[in-house]
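Enquirer: The sequence shown begins at 35 in my numbering and counts up one residue at a time.
Just so it is clear, CB atoms sit at the ideal spot from N, CA and C, and this is done for glycine as well.
Treat the numbers as computed from the prediction; the structure is a model and nothing was measured.
Provided herewith is a single structure, encoded as structure tokens, for subsequent inquiry.
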Amino acid sequence: MIAYLFNKYPLLVLLSALKQFNIKIECSEILDYLLKL
35 MIAYLFNKYP
45 LLVLLSALKQ
55 FNIKIECSEI
65 LDYLLKL
């Protein structure tokens, strides 16, 4: 299931994983990254 989600939504899975490790990502940084895609 996780592999399927990772294939479809890699960024989402990545962000979820980072959140679990208590790595704080500012919303602006995420938006900047998404806009560069």
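Can you tell me whether DSSP reads PHE33 as helix, strand or coil?
Expert: Absent from the structure is residue 33, since the part of the chain shown begins at 35 and ends at 71.
Enquirer: Is PHE40 near VAL47, with beta carbons less than 8 Å apart?
Expert: yes
Enquirer: Please classify TYR43: does DSSP put it in a helix, a strand, or coil?
Expert: In this structure, TYR43 counts as coil in the three-state DSSP scheme.
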